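I have placed the structure first, in the form of structure tokens, so that the comments after it can refer back to it.
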Amino acid sequence: MDGIVIIGAGECGTRAAFALREAGYSGSVTLVGAEPHLPYERPPLSKPMNGAVEMKVICARDALETAGIDYLHGLSASKLDADAGTVSLSDGRLLRYEKLLLATGARPRRLTCPGAELALDFRTHADAEAVFSRIDAGQRVAIIGGGLIGMELASVLRGKDVSVSVIEAAPKPLGRAVPQRFAEQLHARHAEEGVRFHLGRGVAAISDDGVALSDGSMVPADLVVSAIGVLPETALAEAAGLAAGNGILTDACLRTSAPNVFAAGDCAAVAQPRGGHIRYESWRNARAQAETAARNMAGAAETFTAIPWFWSDQYDLGLQVAGLPQPTHQSVVRPIAGGELEFYLDGGRLAAAAGLGIGNGVAKDIKLAEMLIAAGTNADPAALADPGLNLKTLLKSARAA
Amino acid sequence: MTWVSACKLEDIEQEGAIRFDHGGRTYAVYRGPDDSVYCTAGLCTHEAVHLADGLVMDFEVECPKHSGVFDYRTGEAIRLPACENLKTYPAEVIDGEVRVALG
Numbered sequence: 000m001d002g003i004v005i006i007g008a009g010e011c012g013t014r015a016a017f018a019l020r021e022a023g024y025s026g027s028v029t030l031v032g033a034e035p036h037l038p039y040e041r042p043p044l045s046k047p048m049n050g051a052v053e054m055k056v057i058c059a060r061d062a063l064e065t066a067g068i069d070y071l072h073g074l075s076a077s078k079l080d081a082d083a084g085t086v087s088l089s090d091g092r093l094l095r096y097e098k099l100l101l102a103t104g105a106r107p108r109r110l111t112c113p114g115a116e117l118a119l120d121f122r123t124h125a126d127a128e129a130v131f132s133r134i135d136a137g138q139r140v141a142i143i144g145g146g147l148i149g150m151e152l153a154s155v156l157r158g159k160d161v162s163v164s165v166i167e168a169a170p171k172p173l174g175r176a177v178p179q180r181f182a183e184q185l186h187a188r189h190a191e192e193g194v195r196f197h198l199g200r201g202v203a204a205i206s207d208d209g210v211a212l213s214d215g216s217m218v219p220a221d222l223v224v225s226a227i228g229v230l231p232e233t234a235l236a237e238a239a240g241l242a243a244g245n246g247i248l249t250d251a252c253l254r255t256s257a258p259n260v261f262a263a264g265d266c267a268a269v270a271q272p273r274g275g276h277i278r279y280e281s282w283r284n285a286r287a288q289a290e291t292a293a294r295n296m297a298g299a300a301e302t303f304t305a306i307p308w309f310w311s312d313q314y315d316l317g318l319q320v321a322g323l324p325q326p327t328h329q330s331v332v333r334p335i336a337g338g339e340l341e342f343y344l345d346g347g348r349l350a351a352a353a354g355l356g357i358g359n360g361v362a363k364d365i366k367l368a369e370m371l372i373a374a375g376t377n378a379d380p381a382a383l384a385d386p387g388l389n390l391k392t393l394l395k396s397a398r399a400a
Numbered sequence: 000m001t002w003v004s005a006c007k008l009e010d011i012e013q014e015g016a017i018r019f020d021h022g023g024r025t026y027a028v029y030r031g032p033d034d035s036v037y038c039t040a041g042l043c044t045h046e047a048v049h050l051a052d053g054l055v056m057d058f059e060v061e062c063p064k065h066s067g068v069f070d071y072r073t074g075e076a077i078r079l080p081a082c083e084n085l086k087t088y089p090a091e092v093i094d095g096e097v098r099v100a101l102g
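Line order of the protein sequences matches chains A and B. In this text, residue positions in the first sequence follow numbering that gives the first Met the number 0: the first is 0, and each later residue adds one. In this text, residue positions in the second sequence follow numbering that gives the first Met the number 0: the first is 0, and each later residue adds one.
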């Protein structure tokens with residue numbers, strides 16, 4: 000039996016390998032990862048303890064062995080032949096598969112300006128070590144990109160007494176993934192913490208002195224970090240003739256256009272019930288899609304329906320977002336201790352929710368909101384706005400109805 | 000075994016939890032839907048996250064970060080990524096006061 004091959008040993012590929020066993024799959028499972036380490040978690044990379052970047056492994060070596068997962072590290076896939084059902088690895092070996100999962104993830108988007116090679120990426124354990132090993136208190140760091148990664152990094156660096164400048168081409172930071180209300184609150188907090196913002200300006204060039212901006216001004220820096228987003232790793236799939244756009248295109252069951260080939264996680268753009276494809280870049284999505292893909296490779300035919308959810312920690316604040324808030328949604332705000340929740344209604348139905356508070360203070364309510372969204376609840380805006388009304392009560396009445 | 004007073008029963012929401020710090024350690028004290036009380040180690044066994052910030056439903060608590068789930072009566076890890084059980088401690092209510100037996 001040729002078994003199942005998984006390309007990519009990040010959160011998604013690794014979760015899928017174990018989920019295959021949980022689904023009762025007894026054939027061989029081969030997990031191929033390009034990095035030299037055991038599979039590790041990426042979220043802790045931006046939170047070094049005492050200056051050292053943590054290597055938090057997703058699973059110990061003996062857990063892989065116990066589950067009968069053949070883990071090949073330090074290898075990438077160089078060619079996929081979907082007709083023959085084979086994948087070639089960078090060391091020249093050829094693996095035959097019965098089913099293949101592409102969990103190739105994403106890679107940092109690179110700047111193209113002169114001196115771009117001087118900017119460090121922030122994606123892998125090696126990237127995090129390169130950044131934190133070169134940083135000392137009193138230094139100046141320029142972060143290019145005011146998205147979640149750039150802003151999380153800014154908050155960690157301010158905690159290390161590093162002078163931080165954030166350069167963002169858009170007029171506001173966090174404009175893409177974070178609802179406007181909370182993007183503004185986080186922006187204000189960063190400004191209070193002394194982060195200098197250079198907004199609405201592009202990068203003309205990077206040099207040893209710092210970053211030259213498109214308006215001719217200069218941001219002096221000892222270190223430049225590039226955090227301008229990621230691109231899905233689609234090269235292997237595209238070279239094999241699989242349909243791809245912003246990600247490897249899949250149907251709702253996470254099947255690609257090639258027979259027996261699935262895709263999940265950061266690299267996958269998944270067909271939506273109302274048309275189009277959506278690609279998510281989050282820890283939970285990587286795991287949730289891994290589980291659906293694994294069950295489907297083991298014989299099920301489940302559609303992927305999980306509600307998107309992510310968190311971001313900046314300073315002592317925790318942001319959580321469930322669902323996809325849209326500008327067209329009706330907004331309802333509920334104050335809570337140390338923060339706020341915002342609910343997003345689409346024609347009376349709860350479609351999304353977000354919250355910003357101290358630590359994990361919004362977690363309980365966002366989880367309840369997620370369950371209300373999943374239940375397809377038509378929510379009364381007055382009830383959602385009332386901090387005295389427990390969302391659990393709303394959920395129980397929605398479930399009883 | 001040392002019994003210590005953690006809080007009043009009314010300090011904990013029904014089907015809820017609060018964080019309780021004692022002797023340099025952190026615990027979570029729970030009030031079940033039937034007003035029974037329980038105590039576990041305060042931090043998720045997957046990553047050091049305070050479980051009392053998580054959602055309590057029936058007799059389960061969900062980690063507020065990574066959605067691991069535990070049965071707080073037994074400490075059993077019942078949903079990934081949590082796979083190591085939580086340590087539990089005896090708890091009781093006496094005259095509206097929640098006491099827990101630590102150490």
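For every residue, glycine included, the Cβ atom is placed at its ideal position computed from N, Cα and C. Every value quoted in this text rests on a predicted model; they were computed, and no experiment measured them.
query                                                                                                                      : result
Beta carbon of residue 246(A) nearer than 8 Å to that of residue 266(A)                                                    : yes
Neighbour-count burial assignment, residue 107(A), 16 or more Cβ in a 10 Å radius                                          : buried
Residues from the segment 351-366 of chain A in contact with chain B, defined by Cβ distance under 8 Å                     : 358, 359, 360, 362, 363 and 366
Unbroken alpha helix (DSSP H) run spanning residue 65(A), endpoints                                                        : 60-65
Nonlocal neighbours in the same chain, by C-beta distance under 6 Å from residue 98(B), ignoring five residues either side : 2, 4 and 91
Assigned exposure category for residue 16(B) - 16 Cβ within 10 Å defines buried                                            : buried
Neighbour-count burial assignment, residue 394(A), 16 or more Cβ in a 10 Å radius                                          : buried
Residues, ordered as in the chain, of the segment 19-48 of chain B that lie near chain A by beta-carbon distance below 9 Å : 46 and 48
Within chain A, the residues that residue 53(B) reaches when beta carbons sit closer than 9 Å                              : 359, 362, 363 and 366
Of the residues 317(A), 274(A) and 269(A), the one placed nearest residue 280(A), counting alpha carbons only              : 269(A)
Ordered list of beta strand (DSSP E) runs contained in the segment 147-217 of chain A, each at least 3 residues            : 162-167, 195-198, 202-206 and 209-212
In DSSP terms, what residue 21(B) is bridged to                                                                            : 24(B)
Supposed contact pair residue 202(A) and residue 130(A) - C-beta distance, whole angstroms, cut 8 Å                        : With a Cβ gap of about 18 Å, residue 130(A) and residue 202(A) do not count as contacting.
Contact with chain A by residue 86(B), beta-carbon distance below 8 Å                                                      : no
Rounded straight-line distance, which links the Cα of residue 359(A) to that of residue 70(B)                              : 20 Å
Every unbroken beta strand (DSSP E) within the segment 10-82 of chain B, with a cutoff of 3 residues, ordered by chain     : 15-21, 24-30, 36-40, 54-56, 59-61, 68-70 and 75-78
Within 9 Å of chain A by C-beta, residues of the segment 53-74 of chain B in sequence order                                : 53, 54, 55, 56, 61, 62, 63, 64, 65 and 66
Straight-line gap, residue 125(A) to residue 57(A) (C-alpha atoms, nearest Å)                                              : 17 Å
Beta-ladder partner(s) of residue 377(A), from DSSP                                                                        : 348(A)
Opposing strand residues paired with residue 11(A) [DSSP bridges]                                                          : Its beta-bridge partners do not exist; DSSP assigns none.
Own chain, CB closer than 8 Å to residue 83(B), minus 5 neighbours either side, in chain order                             : 44, 45 and 76
Extent of the continuous alpha helix (DSSP H) to which residue 56(A) belongs                                               : Here residue 56(A) belongs to no alpha helix (DSSP H), and DSSP marks it neither H nor E.
Closest by C-alpha distance to residue 20(B), when choosing among 50(B), 67(B), 63(B) and 72(B)                            : 50(B)
The segment 200-214 of chain A contacting the segment 70-89 of chain A, beta-carbon criterion three pairs below 8 Å        : no
Where residue 6(B) sits in the DSSP three-state scheme                                                                     : strand
Residues sharing a beta bridge with residue 28(A), DSSP                                                                    : 3(A) and 68(A)
Reduced DSSP secondary structure (H/G/I, E/B, other) of residue 234(A)                                                     : helix
CA-to-CA distance, residue 182(A) to residue 449(A), given in whole angstroms                                              : The structure shown does not extend to residue 449(A), since chain A is modelled only from 0 through 400, so no value can be given for it.
Meets three-Cβ-pair contact criterion under 8 Å: the segment 350-365 of chain A and the segment 49-64 of chain B           : yes
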